[in-house]
Amino acid sequence: MAALRIGILVHESAMASAVTTPFDTLRTANKLAHTLNPGAPAPLSVQLVATRSGPVKLASGISFEAAQARPDELDVLLVAAIDYTTVGDLCRKLDALVAERVLLRRCAEAGLRIASTCNATLLLAEAGLLDGVRATTSWWLANLARERYPAVDFAIEELLVDEGRVVTAGAATAAYELVLQMVEWAGGKGLAQNVSRLMLVDRERQSQAPYISLALAQRPRQGLGERAEKWLQKRLHESISVRELADHCRVSERTLLRRFHEDFGATPLEYVQKLRVERAKALLETTHLSFEEIVGRCGYQDVSSFRRLFKQVVSMTPNDYRERYRLRAR
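For the sequence shown, my numbering gives the first residue as 197, with consecutive numbering after it.
Listed below in structure tokens is the structure:
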């Protein structure tokens with residue numbers, strides 16, 4: 197069986213770890229495959245590629261030597277995530293990667309599998325490869341992703357979305373899950389499982405939801421959205437109506453609904469639920485309060501109803517969340 201030929205697309209805006217993590221993990225898979233079956237050919241072939249051959253210097257100052265990407269010499273093209281400071285910086289870098297977008301379209305037309313980690317999914321969307329397709333990306337970029345690429349079906353909570361010809365992974369260490377998926381394509385589930393053990397990767401993770409934090413997510417920092425959120429944060433333990441919120445923001449309920457959809461991608465009541473779950477997560481992490489007490493501090497009276505909401509949003513039960521994420525004295 198021929199080796200699966202993987203090219204890691206290096207570009208000037210790439211994060212160094214987004215290049216080295218998959219490269220080293222794939223090489224580790226080959227070494228382990230040889231150890232387990234010395235006579236068998238390597239299941240994977242991996243190389244660094246770019247829009248043209250030669251050194252590629254990243255913003256961090258690190259340089260990588262890359263070969264020119266040739267679609268007929270590859271089976272998979274993995275796009276490295278972008279190193280950025282602000283959302284505006286990220287958008288400028290996405291706009292500037294013109295040659296990379298052309299290459300992505302060429303590779304897709306040639307039948308290659310296209311894969312991305314973290315925010316590199318947005319580059320695939322920029323190239324038009326994700327229209328009408330389910331995809332995931334860094335959870336904190338959910339609002340930007342949905343606003344900038346409305347034709348893409350973003351499943352932000354998911355860690356990995358495999359749509360056949362396009363595979364996208366969530367934030368940061370979700371790259372390991374993507375790379376292990378490639379190992380599984382080439383060497384089977386057994387090899388992928390052994391590599392995960394060697395690299396200490398938990399393959400039981402299925403979702404980004406437990407890690408999502410509204411405090412870290414990209415969202416409005418001024419204007420109506422900020423005023424509304426500050427008002428809501430002070431009243432999460434109370435009953436909240438859309439009319440009261442609209443009156444505070446000095447807009448009509450209709451305008452409030454429209455602005456919330458634009459700023460938060462949710463209705464006011466849906467966003468209140470997210471804020472209440474966020475408060476519950478913080479209390480589960482940092483206090484010894486019973487879940488019943490926490491529910492009361494989050495503005496709910498029905499414990500069973502809030503437990504269902506928590507599990508729906510976080511993809512874990514409150515007890516499981518506390519056990520895994522509570523702050524422990526050291």
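Every residue, glycine too, gets a C-beta built ideally from N, C-alpha and C. As the structure is a computational prediction, the values presented were derived from the model and not from experiment.
Open item on the list: By the three-class DSSP mapping on this structure, what secondary structure does residue 526 have?
Closed with: Legend: pLDDT at residue 526 = 46, less than 50; position of this residue unreliable, no value from coordinates given.
Task: Completely contained beta strand (DSSP E) runs for the region 200–226, where each covers 3 or more residues - done: 200–205
TODO: Taking residue 212 and residue 254 to be in contact with their CB atoms under 8 Å, please state how far apart those CB atoms are, rounded to whole angstroms.
DONE: 6 Å
- [ ] Could you tell me whether the region 288–306 touches the region 350–358, using the rule of 3 or more Cβ pairs below 8 Å?
- [x] Touching, no.
Open item on the list: Going by DSSP, what residue range makes up the alpha helix (DSSP H) through residue 152?
Closed with: Any answer about residue 152 is impossible in this case: the structure gives the chain only from 197 up to 526.
Task: Whole-angstrom distance between residue 365 and residue 278, CA atom to CA atom - done: 14 Å
Task: Cβ-based burial, residue 197 [other Cβ within 10 Å; buried from 16] - done: Exposed.
- [ ] Report the residue from 462, 216, 257, 443 whose alpha carbon sits nearest the alpha carbon of residue 244.
- [x] 216
Open item on the list: Does residue 364 come out as helix, strand or coil in the three-state DSSP assignment?
Closed with: In this structure, residue 364 counts as strand in the three-state DSSP scheme.
- [ ] Would you kindly work out how many angstroms separate the C-alpha atoms of residue 334 and residue 209, rounded to a whole number?
- [x] 16 Å
TODO: Figure out for me which residue from 396, 402, 302, 230 has the closest Cα to the Cα of residue 511.
DONE: 402
- [ ] Would you mind giving the Cβ-Cβ distance between residue 518 and residue 495, rounded to the nearest angstrom? I have them listed as a contact below 8 Å.
- [x] Contact flag wrong, Cβ pair sits at about 20 Å.
TODO: Return the CA-CA distance between residue 377 and residue 229, expressed in angstroms with no decimal places.
DONE: 15 Å
Task: Unbroken alpha helix (DSSP H) run spanning residue 264, endpoints - done: Counting along the chain, residue 264 falls outside any alpha helix (DSSP H), though it belongs to the beta strand (DSSP E) covering 259–264.
TODO: For my contact list, residue 461 and residue 263 are in at a C-beta cut-off of 8 Å; report their separation, rounded to the angstrom.
DONE: Not quite, the Cβ-Cβ distance comes to about 40 Å (not below 8 Å), so this is no contact.
Open item on the list: Can you tell me whether residue 392 is helix, strand or coil according to DSSP?
Closed with: helix
Open item on the list: Between which residues of its own chain and residue 292 is the CB-CB distance below 8 Å, once the five residues before and five after are set aside?
Closed with: 209
Open item on the list: Here's the rule: buried if 16 or more other CB atoms are within 10 angstroms of the residue's CB, otherwise exposed. What is residue 233?
Closed with: exposed
Open item on the list: Here's a check: name, in chain order, each residue in its chain whose Cβ is nearer than 7 Å to the Cβ of residue 408, leaving out the five neighbours to either side.
Closed with: 335
TODO: Could you spell out where the beta strand (DSSP E) holding residue 145 opens and where it closes?
DONE: Outside the displayed range of the chain (197 to 526) lies residue 145, so it cannot be described from this structure.
- [ ] Output yes or no for whether 9 Å exceeds the beta carbon distance between residue 370 and residue 380.
- [x] A distance of 9 Å or more separates the beta carbons of residue 370 and residue 380.
Open item on the list: What would DSSP say about residue 302, mapped onto helix, strand or coil?
Closed with: helix
Task: For residue 248, the three-state DSSP class (helix, strand or coil) - done: coil
TODO: Within its chain, find whatever has a CB closer than 7 Å to the CB of residue 481; leave out the 5 residues flanking it on each side and keep chain order.
DONE: Contacts found: 521, 522, 523.
TODO: Measure the alpha-carbon distance for residue 487 versus residue 237 and round it to whole angstroms.
DONE: 55 Å
- [ ] Might you give, ordered along the chain, the residues of its own chain that have their beta carbon closer than 8 Å to the beta carbon of residue 258, omitting 5 neighbours on each side?
- [x] 212
- [ ] Assuming residue 297 contacts residue 316 (C-beta within less than 8 Å), just tell me the rounded distance between them.
- [x] About 12 Å separates the two Cβ atoms, so there is no contact after all.
TODO: Mark residue 203 as exposed unless 16 or more other C-beta atoms lie within 10 angstroms of its C-beta, in which case mark it buried.
DONE: Label assigned to residue 203: buried.
TODO: Starting from residue 278, follow its DSSP beta bridges and name the residues at the other end.
DONE: 210
Open item on the list: So, for residue 220: in the same chain, excluding its five sequence neighbours on each side, which residues have a beta-carbon less than 7 Å away from its beta-carbon?
Closed with: none
TODO: Inspect the beta-carbon positions of residue 383 and residue 225 and report whether they are closer than 9 Å.
DONE: yes
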